[in-house]
Each structure stands twice: as structure tokens, then as C-alpha cells.
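Notes to accompany the following structure.
In this note's numbering, the protein residues as written are -10 to 86.
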């Protein structure tokens, strides 16, 4: 008897979840275009209103996620250094004894 109830629960769960997931995937695939970042949506728009155009960056990180990877690496190094020198940063000394 418990095995039969469990099968019905699993069947009911699948009949509810499958259409819900299919609808969610369908709904999010209807976007007319990709979302704009803050640079395109706000900064460039305001710059054009004031008669200025965007310039090429001084140090071009290229396309892709190279800049994000650089920030990740800097965060790892900074976190390691902060963890290594934590007692000196917080002013807490080791308790001896």
C-alpha cells in the first residue's frame, strides 16, 4: 500500500512539474533581443545626449570574460593575503597558554 501511494505521488509530481518546466523554458526563450548592459543602456545614452561619443579603452581586455577572470584572480590573491594576515589586520593577538 505505501508503495502504491508513493507511485501516485511521483506520478502527480511529474504531471505538475513537467508542464511547468516546459512553460518556463518557452517563456524565457521568447525574449525579443538580448539584454543590454549598464554601459549601453545608460552611460552611452547619456553621453550621446550630451554630444560625446564612446572612446576605445586605454587597455583593451579583448572580448569575452578576460576582465572578469582578472577580477576573480585579484579577489583570490587579496582574500588569501587578508586571511594570512587576519590577526594583524584585526589587532587580535594569539592567546598564549
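C-beta: ideal position from N, C-alpha, C; glycine also.
Please read these numbers as outputs of a predicted model, since none were measured by experiment.
- Assignment of residue 42 by DSSP, reduced to helix, strand and coil, places it in the coil class.
- With contacts defined as CB atoms closer than 8 Å, residue 33 and residue 43 qualify as a contacting pair.
- In the structure shown, residue -9 adopts helical secondary structure according to DSSP, grouped into three states.
- Just so you know, the alpha carbons of residue 27 and residue -2 end up roughly 46 Å apart.
- Between residue 71 and residue 78, the CB-CB gap stays under 8 Å.
- Per the coordinates, the alpha-carbon of residue 5 lies some 13 Å from the alpha-carbon of residue 13.
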